[in-house]
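J.: Here's a structure for you.
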Amino acid sequence: MTLTLIRSGAGSAVDGGGESSWLTSLADWTVSLMEVIGPVGAGVAIALENLFPPLPSEVVLPMAGLTASRGSFTLFEALLWTTLGSIVGAFALYGLGRWLGAARLRAVAAKVPLLHPEDVDRTVAWFERHGGKAVFFGRMIPIFRSLISIPAGVAKMPLWRFGLLTGAGSLIWNTIFVLAGYLLGENWHIVEEYASILQYVVIAAVAIGVAWFLYSRVRSLLAAKKDA
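In numbering that gives the first Met the number 0, the protein residues as written are 0 to 227.
Take a look at the structure:
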């Protein structure tokens, strides 16, 4: 199996201008990693996707399915290692949140414009009420799947519960996209097209959310200054 096969098998892997998209380059790198170290490479790629959210699992996972369809390893191995990779990456960010802790985050919030220590307290309180659902369903939302692990660590969610919810949510999400790559085979680029759109939608949603938060914060500050 070579990267050339991927390009020739997936006719749209190269755009109209003759240059590869960054998603195609990521797909090439993922397959090369799996060629070198087998299904473990799929796990490594997904673990990195958790640590670096801009790397879309919606492209990495179908590549694991595609490679499995060619007989390099089994479908079961693809699902096993990608799920383990998701759990490892999530625990790394959980550890970061645990190390930071609420006290450190309050200190940081006190120095950041438009943030207050109370924001950290509200976030932790919200997570203690809804953390289980947030971790489970968050595994199926781009970018959020990585970020949700940090407040889980800050809130000190029990390790067994965090691992169970992360594993269950990741298995569902990974199975959908690994199977897509496995069944589509050389037509994996169909997933790439939708993955690109999904990334833009998520980025736009995050930008809107941040803008709304800043707008609300500025309004509250102005109202407090007016009342004073």
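Glycine included, every Cβ here is placed at the ideal spot set by N, Cα and C. In this text, all values refer to a predicted model and were calculated from it rather than measured experimentally.
So, does the stretch 77 to 97 touch the stretch 163 to 183, judging by three or more C-beta pairs under 8 angstroms?
T.: Taking a contact to require three or more Cβ pairs closer than 8 angstroms, the stretch 77 to 97 and the stretch 163 to 183 qualify as touching.
J.: When you compare only the Cα positions, how much space is there between S68 and A77?
T.: Here the question's residue 68 lines up with position 69 in the sequence shown. Here the question's residue 77 lines up with position 78 in the sequence shown. Using only the alpha carbons, I get a separation of about 10 angstroms.
J.: Buried or exposed for W98, going by 16 or more other Cβ atoms inside 10 Å?
T.: The residue labelled residue 98 in the question sits at position 99 within the sequence shown. With fewer than 16 other CB atoms across the displayed protein chains lying within 10 angstroms of its CB, W98 is exposed.
J.: Would the stretch 145 to 160 count as touching the stretch 171 to 178 if we require 3 or more Cβ pairs under 8 angstroms?
T.: no
J.: Which same chain residues, not among the five before or five after V35, have their C-beta less than 8 angstroms away from its C-beta?
T.: Position 36 of the sequence shown, counting from 1, holds the residue named residue 35. Cβ within range, chain order: n/a, list empty.
J.: How would you label I45, buried or exposed, when you count the other beta carbons within 10 angstroms and need 16 or more for buried?
T.: For the purposes of this step, residue 45 is taken as the residue at position 46 of the sequence shown. Buried is the call here.
J.: How would you label W80, buried or exposed, when you count the other beta carbons within 10 angstroms and need 16 or more for buried?
T.: By 1-based counting over the sequence shown, the position of residue 80 is 81. W80 is buried by the Cβ-count criterion.
J.: Let me know the secondary structure DSSP gives M33 once reduced to three states.
T.: As a working note, residue 33 is residue 34 in the sequence shown. In the structure shown, M33 sits in a helix (DSSP, three-state: H, G or I).
J.: What is the DSSP secondary structure of R103, reduced to helix, strand or coil?
T.: Sequence index remark: in the sequence shown, residue 103 carries index 104 (1-based). Three-state DSSP puts R103 in a helix.
J.: Look at V58 and A26 and say whether their C-beta atoms are less than 7 angstroms apart.
T.: In the sequence shown, residue 58 corresponds to position 59, counting from 1. In the sequence shown, residue 26 corresponds to position 27, counting from 1. Yes. Within cutoff.
J.: Between the Cα of A101 and those of G37, V123, L92 and H115, spot the shortest distance and give me the residue it belongs to.
T.: Here the question's residue 101 lines up with position 102 in the sequence shown. Ranking the options by Cα distance to A101, first place goes to V123.
J.: Taking the Cβ atom as the reference point for each residue, do F136 and A154 lie within a distance shorter than 7 angstroms?
T.: Taking the first residue of the sequence shown as 1, we reach residue 136 at position 137. Taking the first residue of the sequence shown as 1, we reach residue 154 at position 155. No. Outside cutoff.
J.: Going straight from the alpha carbon of A108 to that of R160, what length do you get?
T.: By 1-based counting over the sequence shown, the position of residue 108 is 109. By 1-based counting over the sequence shown, the position of residue 160 is 161. The alpha-carbon atoms of A108 and R160 are separated by roughly 28 angstroms.
J.: Just verifying my parser: in three-state terms, what is the DSSP assignment at S85?
T.: Numbered from 1 along the sequence shown, position 86 holds the residue referred to as residue 85. DSSP places S85 in helix when its eight states are reduced to three.
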